[in-house]
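Count along the sequence shown starting at 1, add 1096, and that's the number in the working numbering.
We put the CB at the ideal spot given by N, CA and C, even for glycine.
In this text, all values refer to a predicted model and were calculated from it rather than measured experimentally.
This report refers to the structure that appears directly beneath it.
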Amino acid sequence: MTASLEQLRRCHFAVDLGAARTRVYVKGAGLVVDQPSAAAVNTRTGALIAVGELAEKMTGRTPHYIRVVRPVSGGTVVDIEMAQRMLRHLLGDKMRRALRRKPILRAAACTPHDADPLAQRAAIETLVGLGARKVELVDTLIAAAVGCGLPVEQPEATMIMVCGAAATQVAVLSLGSIVTAERIPVGGEAVDQAIVQHLRHEHELMLPSQSVRPLQLALSGNGLTPQGPASTEIHGRDVATGLARSVQVDTAAVRDAIQTPLTAILDGIGKVLRACPPDLVADLADRGIMMVGGSALLPGLDQMLRQATGMPVHIAERPDVCAVQGLGAMLEGRIAPLALDPLGS
């Protein structure tokens, strides 16, 4: 369910509600919100204590009556009321007042490729709660492809891979539409989980929820390739005694641990290519795959895809904000539709 460019040009703001981060683009003002999709709630009073970065820092560090909730899961809004409250606070009073002055407030939102009617309805309801009278839905794959500058509207194949926190979406696009696509329920969170499980089983170490990313950063550069550092020191809690402990972790073993979730992504790419017409696959052999999404920055992932597919793999300049920047480009009218009747009738 993708809106036309003409409908999108009339929209005043666009929202990309992701499982990890929420981004809001306002026409004329650019990207105004880029914060984690998290909210801290006092369960005794129902009051909202913090949203975004501050709520994210509270994860695992709060007393029992304060709960950190995530209103978006897998690209779908699972708690509409909390998503509305979170967005209101992230936008701030000044921006909300400016938007409310519009006679008919129109909004655009990203939805995952295979979002069912219920998920689409939840996205619409969330923005209606912010005062939007009309909501246009855009496929995340198309928005991300536009955002990273791919020639989506041309009659040639472009392959895009959106690496999200909860899922990875792979698609081949041509003439502004999706030719074939696949959604793999494996994302950055599955990779984090694989690392946590490995440390628990091999080293009897429990890792704080906010230390998984630093571990990935320790592996960065050539971390997920054999040329990387042989080991790195990790701090956590001993499973048996509950005391703080640090261990030297073998990076080769961590590489093996995350192969399982990454193999599922490779299978999804193979499935998309098998369902694709041969002419388009021939285009892709030269152009390769464009990776976008926050998890595209996982160290060594692009190299692994290159070896497995034999195709060029590129990471977008700012992979994490491609989808919302694509929506913004459509809102501002920077995308020209392909003229299908250039000779006149």
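Asked	Found
Measure the alpha-carbon distance for S1391 versus R1192 and round it to whole angstroms.	31 Å
Would you tell me roughly how many angstroms separate the C-alpha atoms of L1358 and V1287, rounded to the nearest one?	8 Å
How far does the alpha helix (DSSP H) with M1407 in it extend, from its first residue to its last?	It is not in any alpha helix (DSSP H) - M1407 carries neither H nor E in the DSSP assignment.
Bridge partners of K1230, per DSSP?	R1202
Taking DSSP as the reference, what is the three-state secondary structure of H1185?	helix
Under DSSP, the alpha helix (DSSP H) around Q1289 begins and ends at which residues?	1284-1299
Taking 8 Å as the cut-off, is the CB of L1358 close to at least one heavy atom of the ligand MN?	In the structure on display, the ligand MN does not appear, and there are no ligands present to speak of.
If you compare alpha carbons, which of G1332, L1376, K1367, H1299 is closest to A1349?	H1299
Note the first and the last residue of the continuous alpha helix (DSSP H) segment covering T1236.	1236-1243
Less than 7 Å between C-beta atoms, sequence neighbours within five positions excluded: which residues of the same chain meet that for L1436?	For L1436, the predicted model reports a pLDDT of 49, less than 50, meaning its position is unreliable; a value from the coordinates is still stated below. Counting only Cβ-Cβ distances below 7 Å, and skipping sequence neighbours, we find nothing.
Would you list the residues sitting across from Q1344 in a DSSP beta bridge?	E1329
Hey, how far is the Cα of R1106 from the Cα of D1346?	54 Å
Cα-Cα, which of H1209, S1270, P1251, R1229 is closest to A1419?	H1209
What residues are listed by DSSP as bridge partners for M1426?	Answer is none; M1426 lacks a bridge partner.
Are the CB atoms of A1128 and A1203 nearer to each other than 9 Å?	Checking the displayed sequence, the identity of residue 1128 turns out to be Val instead of Ala. It is not a contact, given that the beta carbons lie outside the stated cut-off.
Count the other C-beta atoms from every protein chain shown that fall within 10 angstroms of the C-beta of L1339, then say buried if there are 16 or more, exposed otherwise.	exposed
Would I1238 pass as a contact of G1260 if the rule is Cβ separation under 9 Å?	no
Leaving aside the five residues before and after M1154 along the sequence, list all residues of the same chain whose C-beta is less than 6 Å from its C-beta, in chain order.	A1136, V1164
Give the straight-line distance between the Cα atoms of I1200 and K1230, rounded to the nearest whole angstrom.	8 Å
Indicate the three-state DSSP secondary structure (helix, strand or coil) for I1145 in the structure shown.	strand
Provide the residue(s) that pair with Y1121 in DSSP beta bridges, ordered along the chain.	A1110, L1127
Where does Q1399 sit, in a helix, a strand or coil, going by DSSP?	helix
Pair every Cβ in the segment 1134-1149 with every Cβ in the segment 1249-1257, then say whether three or more of these pairs are closer than 8 Å.	no
With a 10 Å radius around its C-beta and 16 neighbouring C-beta atoms as the bar for buried, classify Q1289 as buried or exposed.	exposed
Give the secondary structure of C1372 by DSSP, where H, G and I count as helix, E and B as strand, and everything else as coil.	coil
Any idea what DSSP makes of E1249, helix, strand or coil?	coil
Can you check which of these residues, T1328, D1379, A1194, is closest to L1269 by C-alpha distance?	D1379
Which of the three DSSP states, helix, strand or coil, is assigned to S1270?	strand
Tell me the rounded alpha-carbon separation between I1220 and G1243.	22 Å
CA-CA distance, A1215 and R1402?	34 Å
Below 9 Å between beta carbons: does that hold for A1262 and S1327?	no
Would the beta-carbon of E1177 fall within 9 Å of that of G1114?	no
Between the Cα of G1156 and those of V1343, V1120, A1336, P1304, spot the shortest distance and give me the residue it belongs to.	P1304
Roughly how many whole angstroms lie between the Cα atoms of T1207 and S1133?	15 Å
Which residues does DSSP pair with A1136 in a beta bridge?	A1146, V1164
Among A1240, L1101, L1223, I1330, which one has its Cα closest to the Cα of S1342?	I1330
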